[in-house]
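Trainee: There's a structure below that I have some questions on.
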Amino acid sequence: MIATARTVFRPLIRLGLIPQILIGIVAGVVLALFAPGVASDVALLGQLFIAALQAVAPILVFVLVAAAISAHQKASRPTFAPCWYCM
């Protein structure tokens, strides 16, 4: 019986985001230490990922700000205190 990728990676998928990031960092360091040639080839994937994040981030910020503005309801009184009140 051949295990699918979903069953093989299920324990990793169930972890939170922070442990997954830490595992990826450790795996990258270990790969760079023991197989520098392979690590330089895999570095292309990281560069593509960063480029994709940079391309998507401005659009994501625009959509989130637009959603926040559209969901804003006019308050009957200001929800912030004047600066002199905080001092």
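Counting from 1, position 31 in the sequence shown corresponds to residue 1106 in the working numbering; the numbering is continuous, with no gaps. Beta carbons are placed, not taken as given, at the ideal position from N, Cα and C, and that holds for glycine.
Between the alpha carbons of Val1138 and Ala1127, how many angstroms are there, rounded?
Mentor: In the sequence shown, residue 1138 corresponds to position 63, counting from 1. In the sequence shown, residue 1127 corresponds to position 52, counting from 1. Each residue's Cα considered, the two are about 17 Å apart.
Trainee: Alpha carbons only, please: which of Val1131, Ala1118, Arg1085 is nearest the one belonging to Ala1102?
Mentor: What you label residue 1102 is simply residue 27 of the sequence shown in a count that begins at 1. When Val1131, Ala1118, Arg1085 are compared, the shortest CA-CA separation from Ala1102 is found for Ala1118.
Trainee: According to DSSP, is Gln1148 part of a helix, a strand, or is it coil?
Mentor: On the sequence shown, residue 1148 is found 73 positions in, with the first residue counted as 1. In the structure shown, Gln1148 sits in coil (DSSP, three-state: anything other than H, G, I, E or B).
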